[in-house]
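See below for the structure under consideration.
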Amino acid sequence: MLTMDTLCKTYPNGTKALEQISLNVDAGEIVALVGGSGCGKTTLLRMISGLEAPSRGSVAIDGETIHAPHPAIGLVFQEARLLPWLTVAENISFGLDNLSKAEQDARVDEALLRVGLAGYGKRWPRELSGGQAQRVSIVRALVTQPKALLLDEPFSALDALTREKLQDHLLALWETHRPTLVLVTHDVEEAVALADRASVLQPKPGRIFADSPIELPRPRDRLSPEFAEAKRLVLKALDGSINQPNPQQTGKVYSPSAGGSF
Amino acid sequence: MSEATLDTSNQTNAQPQAARFAVFGTSFLIGLVLPVTAALLYEGAFRLGLVQARLLPPPSRIFTTLWKLAQSGELTTHVLATTWRVGMGFGLGAFVGMLLGALTGASHNARRLLDPTLQALRAIPSLAWVPLFILWLGIFESSKIALIAVGVFFPVYLGVMAAIANVDRKIVEVGRAFRLSRLALVRRVLLPAILPDFIIAIRSGLGLGFMFVVAAEIMGASEGLGYLLVDGQQLGKPDQILAAIIAFAVLGKIGDWLIVVLTKPFLTWQDTHQRSA
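Here the protein sequences come in this chain order: V and U. Counting from 102, one number per residue, gives the positions in the first sequence under my numbering. Counting from 5, one number per residue, gives the positions in the second sequence under my numbering.
Shown next as structure tokens:
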């Protein structure tokens with residue numbers, strides 16, 4: 102279980118990025134952190150990953166406090182961030198150098214097969230499309246079999262069709278080992294398509310505005326009325342989080358599309 | 005970065021090999037067209053008596069001189085002397101440049117301490133050091149090597165410093181997310197990341213090494229290609245000067261080519277506009 106206990110983050114220049122975030126994520130649960138830009142959702146993810154330290158409060162996985170990147174936690178960035186001087190296969194096995202070569206190869210081959218990139222192992226990252234690169238990046242984080250996988254808007258740079266396909270890929274990958282997934286997104290549809298629970302963050306400083314389950318059976322039909330209703334509820338919470346009167350903000354205008362993507 | 009990647013599924017792995025051979029193929033021949041034509045035209049003009057070739061001897065005479073120098077073994081002596089000086093000076097300058105460049109590139113404090121002084125020293129025309137080096141180190145090899153080393157040092161220092169300072173923070177973060185130790189981070193992320201810029205830095209360093217070996221040898225030497233230049237000037241032998249210049253060109257090109265060829269296997273991953281040597 103992933104535990105966030107009254108997390109606060111204040112930057113050296115005095116900007117309050119996050120205030121009093123407490124959130125528990127059960128093992129195997131998929132949680133979407135939804136919010137408009139600047140609500141601190143990426144900062145929150147970076148603190149869970151151990152790349153950034155909180156100013157106050159703590160994050161723990163299965164009771165173990167996280168001070169630095171932890172072997173039980175994998176991280177997928179917004180961009181694929183593949184190392185250009187390594188082949189696709191070498192990129193995937195980047196975090197596996199404690200395993201034997203044979204074991205590495207076996208895991209890499211299996212991973213490539215699972216994301217539909219069998220035979221791509223010897224290619225260079227520059228030879229991949231954006232969607233292919235992001236798939237490699239996801240399996241790079243998953244082959245170490247972490248208990249929790251954090252994803253920072255992993256599909257936001259892709260076109261809508263590729264995005265849907267990758268979301269399905271992600272769910273298929275999740276099915277096998279059922280790691281905990283924490284997904285940062287500004288895309289309400291993505292949150293509803295993937296998550297068991299959507300936590301809507303409110304900006305300036307970042308706080309949890311609403312935290313509600315998405316109780317739809319899988320596989321989810323994006324065209325069903327239930328899906329639309331769930332989307333509407335998350336969107337409503339998102340609108341509320343943005344339009345909430347707040348003495349700290351000074352006449353900032355938010356476009357209604359800042360949160361959702363339709 | 006990733007969204008701009010085009011579909012390259014038709015690109016096979018055989019392509020880099022093909023590119024390597026192309027260096028010696030048609031593009032190499034095309035590069036020869038201009039100099040060879042010019043040489044033949046001038047040779048023809050000389051044979052027809054159209055030009056007075058006392059100060060600019062025709063290619064045939066230059067190559068005869070070169071051939072004679074080679075046969076007498078003189079050319080080997082001079083080439084070896086020059087190569088040795090460039091090698092020593094380049095080795096020294098590149099090593100120190102690499103070391104200090106790595107230090108200032110990696111540490112903000114080291115940069116604040118060292119870089120202003122080094123930049124001030126860089127502003128001094130390197131040849132201005134010659135009298136001092138001769139006073140300190142004598143007129144023989146040491147002062148020449150020191151001068152070459154100074155010439156090589158600055159491009160290598162600047163190149164390595166910039167390369168390290170410009171390593172993509174996002175890529176370094178991948179290393180951190182995978183919990184690499186400091187040493188592993190350097191070996192698996194930083195070194196490969198700076199390699200392309202580092203190679204450019206040592207290539208320009210070597211180029212400057214050849215520039216400064218000429219200066220050093222012109223100022224006083226009893227052997228070396230630079231000595232051939234001075235000797236040719238004093239004895240009025242333009243063919244010998246041109247022969248030495250050609251030897252310099254060939255030597256410099258071979259040096260550069262060696263760096264390119266030796267490092268090419270490590271750079272096949274690069275996504276360049278046009279992959280050529």
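The C-beta atom is built at its ideal place from N, Cα and C for all residues, glycine as well. Remember, it's a predicted structure, so these values are computed and weren't measured experimentally.
### Task
State the CB to CB distance for the pair residue 148 of chain V and residue 197 of chain V, rounded to an integer number of angstroms; the pair is presumed to be in contact (CB under 8 Å).
Taking the first sequence and counting its residues from 1, one reaches residue 148 of chain V at position 47. Taking the first sequence and counting its residues from 1, one reaches residue 197 of chain V at position 96. Their Cβ separation, rounded to whole angstroms, is 26 Å, which puts residue 148 of chain V and residue 197 of chain V out of contact at 8 Å.
### Query
What in chain V is Cβ-close to residue 268 of chain U, meaning under 8 Å?
The residue you call residue 268 of chain U lines up with position 264 of the second sequence. The premise fails here: residue 268 of chain U is roughly 13 Å from chain V at the closest Cβ pair, so nothing lies under 8 Å.
### 8 Å contact criterion, which residue 182 of chain V and residue 238 of chain V should meet: CB distance rounded
On the first sequence, position 81 is the one that residue 182 of chain V refers to. On the first sequence, position 137 is the one that residue 238 of chain V refers to. Confirmed, Cβ separation roughly 6 Å.
### Query
For residue 105 of chain V, does the three-state DSSP call read helix, strand or coil?
Position 4 of the first sequence holds residue 105 of chain V. Looking at residue 105 of chain V - three-state DSSP - the assignment turns out to be strand.
### Query
Should residue 203 of chain V go down as buried or exposed, given a rule of 16 or more other Cβ atoms within 10 Å for buried?
Within the first sequence, the letter at position 102 stands for residue 203 of chain V. With fewer than 16 other Cβ atoms within 10 Å, it is exposed.
### Message
For residue 192 of chain V, report the span of its alpha helix (DSSP H) as first-last.
### Response
Here residue 192 of chain V is taken as the residue at index 91 of the first sequence, counted from 1. First-last of the alpha helix (DSSP H) with residue 192 of chain V: 189-193.
### Task
Leaving out five residues on either side along the sequence, give the residues of the same chain with a beta carbon under 8 Å from the beta carbon of residue 55 of chain U.
For the purposes of this step, residue 55 of chain U is identified with residue 51 of the second sequence, where counting begins at 1. Closer than 8 Å at the Cβ level, and outside the excluded window around residue 55 of chain U, lie 46 and 49.
### Query
Is there contact between the stretch 152-170 of chain U and the stretch 109-123 of chain U, where contact requires at least three CB pairs shorter than 8 Å?
yes
### Task
Show which residues of chain U have a CB atom less than 7 Å away from the CB atom of residue 195 of chain V.
As a first step, residue 195 of chain V is located in the first sequence; it is residue number 94 there, counting from the start. Ordered by position in chain U, the residues that pass the 7 Å Cβ test against residue 195 of chain V are 182.
#### Entry: Residue-level contact to chain V via CB, residue 196 of chain U, 7 Å cutoff
Here residue 196 of chain U refers to the residue found at position 192 when the second sequence is read from its first residue. True, the Cβ-Cβ gap to chain V drops below 7 Å.
### Task
Starting from residue 159 of chain V, follow the beta strand (DSSP E) in both directions and report where the run begins and ends.
For this step, residue 159 of chain V is matched to residue 58 along the first sequence. Element bounds for residue 159 of chain V: 157-162.
### Query
Which residue comes first and which comes last in the alpha helix (DSSP H) that contains residue 198 of chain U?
Numbered from 1 along the second sequence, position 194 holds the residue referred to as residue 198 of chain U. 195-222 is the span of the alpha helix (DSSP H), which, as asked, contains residue 198 of chain U.
### Message
Quick check on the DSSP output: the alpha helix (DSSP H) that includes residue 238 of chain U runs from which residue to which?
### Response
Position 234 of the second sequence holds residue 238 of chain U. 229-238 is the span of the alpha helix (DSSP H), which, as asked, contains residue 238 of chain U.
#### Entry: For residue 282 of chain V, the residue or residues it bridges with in DSSP
Taking the first sequence and counting its residues from 1, one reaches residue 282 of chain V at position 181. Beta-bridge pairing links residue 282 of chain V to V:131 and V:250.
### Message
I'd like to know if residue 148 of chain U contacts chain V, where contact means its C-beta is closer than 7 Å to some C-beta of that chain.
### Response
Taking the second sequence and counting its residues from 1, the one referred to as residue 148 of chain U is at position 144. Chain V contact via Cβ: absent.
### Message
Distance cutoff 7 Å, beta carbons only. Does residue 171 of chain U sit that close to anything in chain V?
### Response
Along the second sequence, read from residue 1 onward, the residue named residue 171 of chain U stands at position 167. False, the Cβ-Cβ gap to chain V never drops below 7 Å.
### Message
Let's test the definition: count the other Cβ atoms within 10 Å of the Cβ of residue 319 of chain V and tell me whether it reaches 16, buried, or not, exposed.
### Response
For the purposes of this step, residue 319 of chain V is identified with residue 218 of the first sequence, where counting begins at 1. With fewer than 16 Cβ atoms within 10 Å of its Cβ, residue 319 of chain V is classed as exposed.
### Query
By Cβ distance below 7 Å, which residues in the same chain neighbour residue 206 of chain U in space, the five residues on each side in sequence not counted?
By 1-based counting over the second sequence, the position of residue 206 of chain U is 202. 98, 160 and 263.
### Query
Hey, is residue 174 of chain U's beta-carbon within less than 7 Å of any beta-carbon in chain V?
The count along the second sequence starts at 1 and reaches residue 174 of chain U at position 170. For residue 174 of chain U, the answer is yes, since a Cβ of chain V falls inside 7 Å of its Cβ.
### Task
Please look up how many angstroms separate the CB atoms of residue 221 of chain U and residue 86 of chain U, rounded, as I've assumed it's under 8 Å.
Mapped onto the second sequence, residue 221 of chain U falls at position 217. Mapped onto the second sequence, residue 86 of chain U falls at position 82. At roughly 7 Å, the Cβ-Cβ gap stays under 8 Å, so residue 221 of chain U and residue 86 of chain U are in contact.
### Query
Do the stretch 271-290 of chain V and the stretch 253-262 of chain V touch if we need at least three Cβ pairs shorter than 8 Å?
yes
### Query
So which residues of chain V does residue 178 of chain U contact, with C-beta pairs closer than 8 Å?
Residue 178 of chain U sits at position 174 when you count from the first residue of the second sequence. Going along chain V in sequence order, the residues near residue 178 of chain U (Cβ under 8 Å) are 178, 182, 184 and 195.
#### Entry: Status (buried if at least 16 other CB within 10 Å, exposed otherwise) for residue 231 of chain V
To locate residue 231 of chain V, count along the first sequence from 1; it is residue 130. Buried.
### Other residues of its chain near residue 25 of chain U: CB distance less than 8 Å, five sequence neighbours each side excluded
The residue labelled residue 25 of chain U in the question sits at position 21 within the second sequence. The pLDDT assigned to residue 25 of chain U is 49, lower than 50, so where the model puts this residue is not dependable; a value taken from the coordinates is nonetheless given after this. There are no such residues.
#### Entry: Beta carbon proximity, residue 273 of chain U to chain V, threshold 7 Å
Translated into the one-based positions of the second sequence, residue 273 of chain U becomes position 269. Closer than 7 Å to some Cβ of chain V, the Cβ of residue 273 of chain U qualifies, so yes.
### Task
Have a look at V:275, V:312 and V:260 and flag the residue whose alpha-carbon is nearest the alpha-carbon of residue 240 of chain V.
As a position in the first sequence, residue 240 of chain V is number 139, starting the count at 1. Taking only the C-alpha atoms, the option nearest residue 240 of chain V is V:275.
### Query
Does the Cβ of residue 10 of chain U have 16 or more other Cβ atoms within 10 Å, making it buried, or fewer, making it exposed?
The residue given as residue 10 of chain U occupies position 6 in the second sequence. Confidence at residue 10 of chain U is low in this model, with a pLDDT of 40, below 50, so its placement is unreliable and the value that follows should be read with caution. Under this definition residue 10 of chain U is an exposed residue.
### Query
Span of the alpha helix (DSSP H) holding residue 329 of chain V?
Here the question's residue 329 of chain V lines up with position 228 in the first sequence. First-last of the alpha helix (DSSP H) with residue 329 of chain V: 326-344.
### Query
So, residue 169 of chain V versus residue 141 of chain V, is the Cβ gap smaller than 7 Å?
The count along the first sequence starts at 1 and reaches residue 169 of chain V at position 68. The count along the first sequence starts at 1 and reaches residue 141 of chain V at position 40. Contact: no.
### Query
In three-state terms, what does DSSP make of residue 81 of chain U?
Reading the second sequence from its first residue, position 77 is the one you call residue 81 of chain U. The answer is helix: DSSP assigns residue 81 of chain U an H, G or I state.
### Message
Short of 6 Å in beta carbon distance, which residues of its chain neighbour residue 273 of chain U, apart from the five on each side in sequence? Order them along the chain.
### Response
Taking the second sequence and counting its residues from 1, the one referred to as residue 273 of chain U is at position 269. Excluding positions up to five away in sequence, the list is empty.
### Residues of the stretch 144-159 of chain V with Cβ closer than 8 Å to any Cβ of chain U, in chain order
150 and 152
### Query
Helix, strand or coil: how does DSSP classify residue 224 of chain V here?
Position 123 of the first sequence holds residue 224 of chain V. Looking at residue 224 of chain V - three-state DSSP - the assignment turns out to be coil, as it is neither helix nor strand.
### Task
Just tell me which of U:230, U:270, U:271 and U:259 has its CA closest to the CA of residue 81 of chain U.
Start at 1 with the first residue of the second sequence, and residue 81 of chain U comes out as number 77. The candidate whose alpha carbon is nearest that of residue 81 of chain U is U:230.
### residue 107 of chain U (DSSP reduced to helix, strand or coil)
Residue numbering aside, residue 107 of chain U sits at position 103 when the second sequence is read from its first letter. Note: residue 107 of chain U maps to helix in three-state DSSP.
### Task
Please list the partners that residue 225 of chain V has in chain U, where partner means a Cβ-to-Cβ separation under 7 Å.
Along the first sequence, read from residue 1 onward, the residue named residue 225 of chain V stands at position 124. The contacting residues are 273.
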